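Engineer: Mapping to numbering that gives the first Met the number 0: the sequence shown position 107 is 106, numbers consecutive.
Even glycine gets a Cβ: it sits at the ideal position worked out from N, Cα and C.
As the structure is a computational prediction, the values presented were derived from the model and not from experiment.
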Amino acid sequence: MTTTFPDQAAGVPPAPAGPAATQVRQPPARWARRLLRGRESDQPWVRPALLALLTATALLYSWGLGRSGWANAFYSAAVQAGSTSWKAFFFGSSDASNFITVDKPPASLWVAEIFVRLFGLNSWSVLVPQALEGVAAVGVLYATVRRWFSPGAALLAGAVFATTPVAVLMFRFNNPDSLLVLLLVLGAYATVRAVENASTRWIVWAGVFVGFGFLAKMMQTFLVVPAFALTYLLAAPAPLRRRIGQLLLAGAAMLVAAGWWVAVVELWPKSSRPYIGGSQNNSVLNLIFGYNGFGRLNGNEAGSVGGMGGAGGTGGRWGATGLTRMFNSEMGGQVSWLIPAALILLIGGLAFGWRAPRTDRTRAALALWGGWLLVTGITLSLAQGIIHPYYTVALAPAIGAVIGIGGTGLWHRRGQFAAALLLAMALAATTAWAYVLLSRTPSWHPWLRPLVLLLGGAAIVALILSLVLSVPLARRAAVVMAAVSIVAGATGPAAYAVATASATHTGAIPSAGPTGFGGPGRGFAGGGWMNGFTGGGFAGGSTPPGTSPGGPAAQGGTAGLAGGFGRRGGAMFGRTAGGLGGLLNAGTPSAALVTALRADAGRYIWVAAAVGSNSAAGVQLATGDPVMAIGGFNGTDPTPTLAQFQEYVSQRKIHYFMGGGGMGMAMGGGQPSGTASAITAWVQQNFSQTTIGGTTVYGLTTPAG
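1. For the pair the region 628–645 and the region 268–276, tell me if three or more CB-CB distances fall below 8 Å.
2. With distance defined between alpha-carbon atoms, name the residue in G658, L620, V486, M325 nearest to V696.
3. Is the separation between the beta-carbon of V101 and that of A77 shorter than 8 Å?
4. Please return the same chain residues whose Cβ sits closer than 8 Å to the Cβ of G406, not counting the five positions on each side in sequence.
5. Classify K269 as buried or exposed, calling it buried when 16 or more other Cβ atoms lie within 10 Å of its own Cβ.
6. So does the region 51–66 actually touch the region 486–504, counting three or more Cβ pairs closer than 8 Å?
7. Here's the rule I'm using: 16 or more other beta-carbon atoms within 10 Å means buried, otherwise exposed. How should V45 be labelled?
8. In angstroms with no decimal places, state the Cα-to-Cα distance between T694 and Q219.
9. In angstroms with no decimal places, state the Cα-to-Cα distance between A458 and Y495.
10. Per DSSP, F609 forms a beta bridge with which residues?
11. Run through the DSSP bridge pairs and tell me what T689 is partnered with.
12. Return the bridge partner residues of M657 from the DSSP annotation.
13. Here's a check: name, in chain order, each residue in its chain whose Cβ is nearer than 6 Å to the Cβ of L183, leaving out the five neighbours to either side.
14. For my contact list, T174 and Y74 are in at a C-beta cut-off of 8 Å; report their separation, rounded to the angstrom.
15. Mark A665 as exposed unless 16 or more other C-beta atoms lie within 10 angstroms of its C-beta, in which case mark it buried.
16. Measure how close the beta-carbons of M217 and P104 come, nearest whole angstrom, since I'm counting them as under 8 Å.
17. Any idea which residues DSSP pairs I99 with across the strands?
18. Which residue from T587, L579, F293 puts its Cα closest to that of A628?
19. Do you know offhand how far G369's Cα is from G611's?
20. So, are the CB atoms of D176 and W605 less than 8 Å apart?
21. Is the separation between the beta-carbon of P441 and that of P164 shorter than 8 Å?
22. Beta-carbon within less than 8 Å of G512's beta-carbon, same chain only, minus the 5 sequence neighbours each way: which residues are those?
23. In terms of alpha-carbon separation, which member of S278, L322, R362, E329 lies closest to L232?
24. Tell me the DSSP secondary structure of S40 in three-state form.
25. Who are the near neighbours of T490 in its chain, counting only those whose CB is closer than 8 Å to its CB and skipping five residues on each side?
26. Taking 8 Å as the cut-off, decide whether the C-beta atoms of G348 and G294 are in contact.
27. Secondary structure at S92, three-state DSSP: helix, strand or coil?
28. Let me confirm a value: N291 is counted as buried when at least 16 other C-beta atoms fall within 10 Å, else exposed. Which label applies?
29. Give me, in chain order, the residues of the same chain whose beta-carbon lies closer than 8 Å to that of G698; leave out the 5 immediate sequence neighbours on both sides.
30. I338 and I398 look like a contact to me (Cβ under 8 Å); what is the Cβ gap, rounded to whole Å?
31. Nearest by alpha-carbon distance to I404: which of A382, A366, T378 is it?
32. Check this for me: beta carbons of T622 and V593, under 8 Å apart or not?
33. Check the C-beta distance from A708 over to T320 and give it rounded, since I have them as a contact under 8 Å.
34. Which full runs of the alpha helix (DSSP H) of 4+ residues lie inside the region 184–262, going along the chain?
35. Less than 8 Å between the CB atoms is what I'm expecting for S122 and G68, so what's the real figure, rounded?
36. Roughly how many angstroms separate the alpha carbons of H411 and N327, rounded to a whole number?
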């Protein structure tokens, strides 16, 4: 007999006896009725509750979406390019003339570019795809949990996921993480379907979904593979030899789904495709295994910027690392609200099902989602390379699923001492940690802290009294206590989620919640990000450690632009005079500059060139014409060489060079050098300088003198 949580069997058909079992296909009309009505065994409130959850999620992710403008202009410019050039579409180029690609695979751009081709280029057509991906991810998570567990468990899982602050942030923003999360949840759904009857088809689909996730954000997608593979290996109702063979087949499907684009790019002649942004040798393999791969783990990322060592000397080049990283001031408010409860419920659920048969579904589900949570969380916690707080969105589906499965399972066992004690511990941990997180923003709605304590304390007292007095709660009283417990746990993250949805988010590194790095999406004032930059961050004239106001040291000899950050620290994190932008934010060029660049634009391959992708992105979005991003995102990619740039200029392919973006730096030691500084010095020496709308420009068709 299978040992499961009592809610597992509610409305769920028993698992087939073996791999030979077949599924009966439903007629289309019946399938449509089931979609609208739900399962025949469901109570009438279930489907309306699901529709309400999805509707509320859609509103949370889309309301006032246009206020963020281009959001991450780096990717928005690439979408603009891909919507006008199919070559730029395929490669993920930053500009329609295909000089350089973004430093990620192009799958997330493809979705937005299709929307732009259909509806035109504007903020909504760029950002709505991410919101739709978020709603779809919540729906798929519900469907995945619901296959084996009760509607309450599935709804709770979906609600926790939807209101995680960092999920609200990323599904309102045009970074690749939104598509990545959707594909990973689809992979989990396929794994669950495969486990039910040892289905080769579904486990292969799981590999395909994970593989396509690679085309969204490369090697981060593989963090879920151990959990998926272990779950199938342990729980699928088939002989071990067959399970191993099926996993090998799924692995092959994953490699094909992930590798076809890589193979095409590597085999394509380099002379007729754009440079691979983020690489140091124009190879996508270098990008995969270096900057976006093992470099994220060991901190050895050639061409990256930042990285001065962890605060207090603990950690890698990009911040203090350790098992508590998900709870620190940068990560905690993004995702950690329910992690303590999830860990307690995970341990409790596995303990109750420890002696269950191998194919026990509750244990399999907890292994899948718990493995996802632990492997991804530990990796992000210990990685010494570039790890931004919004990467934690990958934890949100697993947290939601563990809370939904483990919470409802222990709730149905609350008459047992161990289950009630674990529930009380989870609720106490959630309440205490929410109080701590809310205390980090003491001036923001201070009444929330006592409210959370009151609600959580009342639920804990009621639960303990019912346990100590051995008096079963009446049905209505139990429902009230469950509702109070959920509200107590959801108040903090839901408040942060609403604050996130109400804020404007722009730049490369957005932040969820009411404050974060100087406010949601407002840069880095007052933060300790970028590996222990302490004190006041970079706002208001501070200078990063190890740099000089005239220009920081370059790393690896790949770049370095005279002028560096700019004297006010704004060139790196904010916007410079003239609207060129900096490392993490694009600017808005003046009307005079746009007019000048558009004049005779058809005669040039690039209307202008600038160091760094964000310096180029804002201008490109304003003019609609290609702008060359020298050195790629960081300004540190070794392209073009000085000789190549001189050839472009001699062939009159570039009209203007825009200076003053303060890009091309890499901090960490050595002397400024590299292609960006060489090109800048050559332009300054050989072409006349003028100022248009507050921006310094050099006309590359009119030599000095």
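Structural biologist: So, from the data block:
1. yes
2. G658
3. yes
4. A152, L155, A340, L344, L422, A425
5. exposed
6. yes
7. buried
8. 39 Å
9. 22 Å
10. The sequence shown places Ala at residue 609, rather than the Phe named in the question. A628, per the DSSP bridge assignment.
11. V696
12. V696
13. G212, V223
14. Checking the sequence shown, residue 174 turns out to be Asn, not Thr. That pair is a contact at about 7 Å.
15. The pLDDT assigned to A665 is 41, lower than 50, so where the model puts this residue is not dependable, and the model offers no usable value.
16. 6 Å
17. Y274
18. L579
19. 40 Å
20. no
21. no
22. P164, G332, Q333, T440, Y495, A498, T499, P519
23. R362
24. coil
25. A433, L447, L450, V451, L454
26. no
27. strand
28. buried
29. H654, Y655, F686, S687, T689
30. 6 Å
31. A366
32. yes
33. Absent from the structure is residue 708, since the part of the chain shown begins at 0 and ends at 704.
34. 199–216, 224–234
35. 5 Å
36. 34 Å
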